Amino acid sequence: MNNTVKIVEVGPRDGLQNEAQPIDSAHKIALVNALSDAGLQVVEAGSFVNPKWVPQMAGSEAVFEGIARKAGVSYAALTPNLKGYERAIAVGASEVAIFAAASEAFSQKNINCSISESIERFAPIMDAARAAEIPVRGYVSCIAGCPYEGDIQPAKVAEVAKQLYDAGCYEISLGDTIGTGTPASIEAVITACAAVVPIEKLALHAHDTYGQALANIYRAIQLGVRVFDSSVAGLGGCPYAKGASGNVATEDLVYMLNGLGLDHGVDLHKLAQAGRDICAVLGRDSQSKVARALAAK
Ligand code: HMG
Ligand code: MG
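For the sequence shown, the working numbering begins at 1 and goes up steadily by one.
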């Protein structure tokens, strides 16, 4: 069994994109720097989408330009189209992520096109990234349920995951966007996807809306998945999935991995401090139970 887990920290992007209050770039930069100092190897630092759709991410250029880059850390950017890709590369994104959905309705609401149109729209990104040797990650949203369509079939998730993998994505992140998955439904999705994409290329991106994220991650670990997305302090939600709460808190994930004896390279105390600092900026409590327990000690 492989004992090493890769954590993809998505707090600065997935966590902050939903914040209505403006957040200074300086605070976002401090957050990204604190996360890399805590040992995170992949930090999704922002997105290059239409700023009218997600105003909070409009300043992502300033974030990428302001961070203190640490050797060995990949600073990732979410890019919906070639324009977004070019903006991300211009400010030195180490890798980019494209994002599709397993639900037609969610695809329309989130990126204004059908699933098949989105795959076509990603092709120029894949070509440009291949030429520039920029790794591309692929997300599939709504793997266990859609806010507009309800249940989503694992076969549909696997079909989209395979399309992204065949297009050249080095890793496929399976997004439980509204957190409705349970260990049973997540197992069904992972099993379907692992039949068409090697399991070591699959990641789980679990939102914790229904409190199932850690249980789902544990099931995924048992099935052989070793890449997990998480958000410091459990920040976030999705602007196109009303009521969705943040990703599993990175602190909670790290605590569980420590207990399981799995390696991840993250310093829990530095991470918890990064979480406290961004929560102070936002004026809200951490969603991480581990962070709250550590603070109460
Ligand atoms: P559209 O309106 O169909 O785009 O949006 P368009 O190509 O028709 O262009 C319209 C205008 O947008 C034009 O400007 C373009 O230049 C501009 P105008 O001529 O009107 O002045 N534009 C851009 N500007 C800056 N950067 C760009 C860009 N692209 C176009 N990249 C589009 C299509 C995909 C762009 C839009 O729908 C969009 O930005 N969607 C992003 C929504 C989003 O960010 N959602 C949240 C992230 S996904 C997520 O959270 C899920 C995930 O976490 C996994 C999970 O949890 O499941 C990843
Ligand atoms: Mg998400």
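The beta-carbon is built from N, C-alpha and C at its ideal position, and this holds for glycine as well.
Keep in mind that this is a model prediction, so the values were computed, not measured.
Could you name the residues that DSSP lists as bridge partners for residue i?
| i | result |
| --- | --- |
| threonine 209 | Looking at the DSSP assignment, threonine 209 forms no beta bridge with any residue, so it has no partner. |
| cysteine 146 | Gly150 |
| glycine 175 | His205 |
| alanine 97 | Leu78, Arg137 |
| lysine 6 | Val227 |
| alanine 299 | Lying before the first or after the last residue shown, residue 299 is absent from the chain, which here runs from 1 to 297. |
| alanine 71 | BP columns for alanine 71 are empty, so no partner. |
| asparagine 112 | For asparagine 112, which the question treats as bridged, DSSP gives no partner whatsoever. |
| alanine 249 | Ser231 |
| aspartate 263 | Thr4 |
Which residue from the options puts its Cα closest to that of residue i?
| i | options | result |
| --- | --- | --- |
| glycine 145 | Met57, Arg284, His207 | His207 |
| leucine 204 | Tyr210, Ala195, Gln21, Tyr218 | Tyr218 |
| isoleucine 152 | Leu262, Ala132, Val189, Ser116 | Val189 |
| glutamate 44 | Gly66, Gly246, Gly11 | Gly11 |
| leucine 78 | Glu86, Gln212, Arg130 | Glu86 |
| lysine 6 | Asp24, Gln41, Ile125 | Gln41 |
| glutamate 120 | Leu35, Ala100, Lys109 | Ala100 |
| alanine 76 | Ala26, Arg13, Leu31 | Arg13 |
| glycine 138 | Arg130, Lys162, Ala155 | Lys162 |
| lysine 289 | Ser94, Leu268, Ser118 | Leu268 |
| cysteine 279 | Leu235, Phe122, Ala20 | Leu235 |
| glycine 168 | Asn258, Ala192, Val96 | Val96 |
| lysine 242 | Glu65, Ala184, Val8, Cys142 | Cys142 |
| alanine 192 | Ala274, Ile221, Val157 | Val157 |
| leucine 282 | Gln222, Asn3, Ala20 | Ala20 |
| leucine 164 | Ala233, Lys201, Ile221, Leu262 | Lys201 |
| histidine 24 | Gly92, Asn2, Ser60, Glu104 | Looking at the sequence provided, one finds aspartate at residue 24 rather than histidine. Nearest of Gly92, Asn2, Ser60, Glu104 to aspartate 24, Cα basis: Ser60. |
| glutamine 222 | Val254, Tyr170, Leu262 | Leu262 |
| leucine 16 | Gln273, Ser245, Gly84 | Ser245 |
| isoleucine 29 | Ala194, Glu65, Glu9 | Glu65 |
| lysine 109 | Ala233, Glu149, Thr250, Ala90 | Glu149 |
| serine 74 | Ile115, Glu9, Ala102 | Glu9 |
| asparagine 2 | Asp252, Val227, Ala215 | Val227 |
| serine 118 | Gln56, Val160, Ala132 | Val160 |
| glutamine 273 | His264, Asn258, Arg292 | Arg292 |
| valine 91 | Gly275, Pro80, Ala62 | Ala62 |
| valine 136 | Pro154, Thr177, Asp176, Ser94 | Ser94 |
| threonine 180 | Ala195, Asn216, Asp166, Asn112 | Asn216 |
| isoleucine 172 | Val197, Thr250, Ala128 | Val197 |
| alanine 26 | Arg130, Asp277, Ser286 | Asp277 |
| aspartate 127 | Leu82, Ser47, Leu271 | Leu82 |
| alanine 132 | Ala88, Ala105, Asn18 | Ala88 |
| threonine 177 | Ile134, Glu187, Asp229, Ala220 | Asp229 |
| isoleucine 199 | His264, Ile98, Gly224 | Gly224 |
| serine 286 | Thr250, Val254, Met256 | Thr250 |
Examine chain B for any beta-carbon lying closer than 7 Å to the beta-carbon of residue i, and answer yes or no.
| i | result |
| --- | --- |
| glycine 84 | The structure shown contains no chain B, having only a single protein chain. |
Open item on the list: In chain order, what are the residue ranges of uninterrupted beta strand (DSSP E) at least 3 long that sit wholly in the region 26 to 55?
Closed with: Counting only runs of 3 or more, we get 42 to 47.
Open item on the list: Within 8 Å, do at least three Cβ pairs link the region 37 to 55 to the region 284 to 297?
Closed with: Not touching, per the Cβ criterion.
TODO: Indicate whether the contact test is met: 3 or more Cβ pairs, each with one atom in the region 66 to 75 and one in the region 23 to 39, closer than 8 Å.
DONE: With a cut-off of 8 Å, the region 23 to 39 and the region 66 to 75 count as touching, because enough Cβ pairs lie within range.
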